[in-house]
Amino acid sequence: MNERKWVMRRAQQVGASKRQWGLLLCALILTSVCALAQTTTTRTLMPATTATLRATADFFPVVLQERATTLPLVSLVEGESSAALGLVTAFELRTTRTVAGEIGKVEVTTSTEALIAEKAGIRLPVKVDKSSTEATVRQLVHFEKQNQYAEAFLLACELVRENPTSEFAYDAAIRTALVLAGGSPTHMEQDIERFFRQAMRIAALPGRYYVQLAHYYERTGKVEKLRKLVEEYEKNNVKDPDYWVTLARIYAMSGDLQRTRLFIERASQRKVVEFPLTLLGARTYRQLGLADKAREMLLRAVDEDYGPWEMQALFLEFLQLPGNKPDALGKMILAAMVNEARYRVARGLADTLIRTTVEQRTFFDLQDWLAKRVADKTASDVEVWLLALMYAQEGDEPRALELLLQERTRTTPVIAFERAKALAAAGRHSEAIPILSILLAEQPNDVAIRLLLAQEQIAAGQAKECLATLTPLRWEKLSRDDRLRAAEAAVAALVKLGNTPRLIELWLDLTRSTTFVELQRLADIVLQAVQGSPVAEELKTRLSSLIQEQGQWPLLWLYARLVGREGDHKSEMQYYSRYVEHVGDDTELLRFVAHLSIEYATLPLKIEATRDRTTSAAIRVLDASYSDLAIDLYKRLIALQPMVAENYAALMRIYQMRGEVEAAKKVAAEVAQRDPDSPKTLAIAASILDENGFIPEALHFYERSLRADPTNFAVWMKYAEALRAAGQRTEAEIIYKKILEEGYNSRPYNQPAILAALYRTALETNRTHELVNYLYGLRTHSIPGKPEFLLSTSKLFIQLREFEKAGELISQFQKEFATSNLLEESYLLRGQVWFSRGDIPRAIEAYREAATRFAGSPTAISAGFNIAVAYAHAGKIQEALAAFEDLARRHPTDDKAQSALYEAAVLCWRFYGDSQRCAQYLERYLAARTLDFALRKTVRDALKRIQAGQPPFGEAAAQARDSQTTSGL
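Numbering of the sequence shown is given in my numbering, commencing with residue 2 and proceeding in unit increments.
Structure, rendered in structure tokens:
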């Protein structure tokens, strides 16, 4: 099709879409939208305003997104490729978006024969290995992993018949029966009850089966059966070893807190001190609001003979109590952690402790208590370790290291490993290595110790020792992060030793089974290690030989990365394509290679239009050899992911780059043909056409999708945007206004996006005044989301400098919606109106009103900041500094309010260069003991620079000070 015919056809389609517009709009108005369908709605919108004062009130962007357009360009190629002339799409290749699929229910997969067998009571119709009980159990677990629960249930029944006195058989039967019952728990009620009853008779401790059956009755609403079960156990099982624990669990499970409390107190009077009773009792007291009783019970438990796991569980329960004092915390810390040699477990408990003290704002209380015990030489090893962790958490790593080094005589595994980590972070490798070597000898299976030792050895130049340390590791057993850390150390050691054959073996070991992300990271590690090393050339030679002679395909990826780094992109893509043949179902890998081939297919070329070289332009030229590979890969991606729109859109872009416009359009047609009656499929076809600049064709599919489902407002929004791009702005406005005025099921639908679209359309047609009048007129109408509409529209009016109307809308909001959760923000927005008008005194007055009206709230703090910023904007620096100080004084326990002291320090330095006064503000901030640890670290660094005679905030701050001083701000 030549260009003239193509243009005429597009014009005809645009005209047809205009004729269909009336029918579609009627469908939107008349259709009863009773279900959500494909639409996303918002009960509450994004915040109507921002607490931060804006120098330029650009609430709504002028340009939301550039649209693709089709442009005629000459496609020139170099080398063996042929030249082509056609239409290509001007676009920039974008990074791959992650497509979030819907999360469906996990369904049980089973065979019809198995279900029939289950109902008929016959044997399992599937052949299984029953040579031993262990083999049968493995087969049962396999069925469960495959979601074949009918087969698993029948096999469990056989286990029960063959092992009638074994609890594990009844556990399997109960578990599979409960899963098989699914959403109808009463479906297999008789079988479930029978297995529970049989298990109760043979179990040494039947209480757990009573608890499980009670939970089943509670979940299925069998109130009478639950009552009888409890009475039965209370009457007939008094002599059971787990009698008290079982009843306590049943009472707690039922949610009757008072009954649970009375029962546990009765058990306590009888000197029953089992761990479950203690834990349940403390939890019950906490849930009843009796924190002191819970604390008393947990502190008493410290003297009981509980094991490490039990004490750690009690410690975690203790942390949930409000009002814990440092000495009580210290007692629980010792009980839970004093004998814990596993760093991972101890660090998990410590992190939970620190996080809890931050949330309860007792961090510095505990830190002071620990510091005093250290100073008095009464602290235990775990207390010294915790204090070091708290210093590090606060951002004071040097102080933490100093403490750990001062206490060198403390050599428990946990504190020793922390000391080694601190030394490693400080670059003191030779001191860390001996500590880690001793720890590894004591705990040879600890991966964290082994990896850190290997990293320190390679940092100290001990390549052979590093490899020896890593040798016992089984790569497939490591987590991905640990595997990458180990690989980085091993590769560095092998490169340092020049052992290229072993480096290749390591690559084969690592890539035997890996993901695309890990494959790329491993290749990065190798390339970074060999860069500038003589090993690089030898590695390339050996790889080439192994690939050609032995067909070692896992080496293809590494070789492609090597030649690609040297600029040989043709060879790079050849080796990538060969690698893809062996792993063709990895979608991320396929997408990466396809994306890269397009990058190489479109080369930048500068052309000059005049002899004097005064006129030039840059275009991108096409190499068809690369695009062939990309087309093949995207077709494979489409086969693997038929509902991912990005794959189709990318394939369309490639065809356009090649000048094959009809082939590009055919891609969308093929999408629609997959399910021509599905509104979702039609919407995908429309969106990929829209994205690639085929607006008339996109309108056709949008209209078909909306006929099938007129309730999908997301598609209506895209359709309106396509109409706007096609020049049909009036029709687009009708859609936007209809959605704005009527919403979805009388609820607002994405008002900010609609206002932004109306604003952009008004700018394009130079009709912003008409838009203002239209929106201003809606203030008297009843529309969904009226409170949000008033504030969002007032923001748009501020941007359009319609300050009087913005103020009226804010006043109307405050009068009509005085109980709205957006009321506080409306007072901040009123200050923004005056600030944008340039009336700084009125803006400050408005913010003071907000601070007074909502004293003690986050809004008051935001208003305080805005007052200081407004003063600074007016050039009243002393008043701004005073406002910052006043804000910090009024809210002494609020971290955000205290950060005003930091802002005052920055302002003081920028305008006056007064390092002494700046340091005073920073020291006051640290003295406030805020829990914003990142800012505390920044403040400490600034103070160190002041002490060293350097600018506290860098040269950028000094330049800002000079420019703002000269501008009179």
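We treat Cβ as the ideally placed atom computed from N, Cα and C, and that holds for glycine. If you're wondering where the values come from, they're calculated on a predicted model, not measured in any experiment.
Residue i - containing alpha helix (DSSP H), residue span
i, result
"Tyr775", "Thr769 to Gly778"
"Trp717", "Phe714 to Ala726"
"Leu479", "Per DSSP, Leu479 belongs to no alpha helix (DSSP H) and is neither H nor E."
"Ala178", "Glu168 to Ala182"
"Asn751", "Asn751 -> no alpha helix (DSSP H), and no H or E assigned at all."
"Arg890", "Ile878 to Arg891"
"His570", "His570 to Val581"
Coil, strand or helix - residue i by DSSP
i, result
"Val107", "Confidence at Val107 is low in this model, with a pLDDT of 33, below 50, so its placement is unreliable and the value that follows should be read with caution. Residue state, collapsed to three classes: coil."
"Thr501", "helix"
"Tyr307", "coil"
"Thr1", "For the chain, the structure presents residues 2 to 970; residue 1 sits outside this window and is missing."
"Leu74", "Caution applies to Leu74, whose pLDDT of 27 falls short of 50 and renders its modelled position unreliable; the value that the coordinates give is listed next. If DSSP states are grouped into helix, strand and coil, Leu74 belongs with the strands."
"Tyr635", "helix"
"Thr603", "strand"
"Tyr560", "helix"
"Tyr745", "strand"
"Glu734", "helix"
"Lys739", "helix"
"Val448", "helix"
"Lys541", "helix"
"Pro277", "helix"
"Glu803", "coil"
"Leu320", "helix"
"Leu683", "helix"
"Val940", "helix"
"Gln199", "helix"
"Glu661", "coil"
Anticipated Cβ contact below 8 Å, residue i with residue j, distance rounded
i, j, result
"Gly865", "Ala852", "6 Å"
"Leu437", "Glu419", "About 12 Å; that fails the 8 Å criterion."
"Leu1022", "Leu320", "Absent from the structure is residue 1022, since the part of the chain shown begins at 2 and ends at 970."
"Val273", "Trp245", "5 Å"
"Trp558", "Leu597", "About 12 Å; that fails the 8 Å criterion."
"Leu923", "Ile878", "At roughly 18 Å, the Cβ-Cβ gap does not stay under 8 Å, so Leu923 and Ile878 are not in contact."
"Ala561", "Glu550", "The Cβ separation is near 18 Å, so there is no contact."
Whether residue i touches residue j by CB criterion (9 Å)
i, j, result
"Cys919", "Pro893", "no"
"Ala329", "Thr413", "no"
"Ala844", "Ala869", "no"
"Phe702", "Ala687", "yes"
"Arg271", "Thr285", "no"
"Ala631", "Ile599", "yes"
Cβ neighbours of residue i in the same chain (closer than 6 Å, five flanking residues each side left out)
i, result
"Leu29", "Residue placement at Leu29 cannot be trusted, given a pLDDT of 33 that sits under 50; the coordinates are not used to answer."
"Gln951", "none"
"Ala200", "Tyr171 and Tyr210"
"Asp243", "Leu206 and Gly208"
"Leu563", "Lys541"
"Asp382", "Arg411, Thr413 and Ile416"
"Leu299", "Ala283, Leu315 and Phe319"
Sequence-distant residues of the same chain with beta carbon closer than 7 Å to residue i, five excluded per side
i, result
"Leu471", "Ala455, Ala487, Ala490 and Ala491"
"Arg345", "Ala449"
"Pro327", "Asp366, Leu367 and Trp370"
"Thr358", "Phe364 and Leu367"
"Leu26", "Any reading at Leu26 must be qualified, since the residue scores a pLDDT of 35, below 50, and its modelled position is unreliable; the value itself is stated next. Taken in chain order, the residues that qualify are Ile735."
"Asp587", "Phe517"
"Ala646", "Ile685, Ser688 and Ile689"
"Phe276", "Tyr307 and Glu311"
Other residues of its chain near residue i: CB distance less than 8 Å, five sequence neighbours each side excluded
i, result
"Leu797", "Phe60, Phe61, Leu756, Tyr760 and Leu776"
"Leu507", "Ala488, Ala491, Val492 and Leu495"
"Ile811", "Leu791, Leu792, Ser795, Ser827, Leu830, Arg831 and Val834"
"Leu248", "Val231, Tyr234, Glu235 and Phe264"
"Ile505", "Leu540, Arg543, Leu544, Leu547 and Leu556"
"Ala819", "none"
"Glu747", "For the record, residue 747 in the displayed sequence is Ser; it is not Glu. So the qualifying residues of the chain are Pro785."
"Leu404", "Val375, Val385, Leu388, Ala389 and Tyr392"
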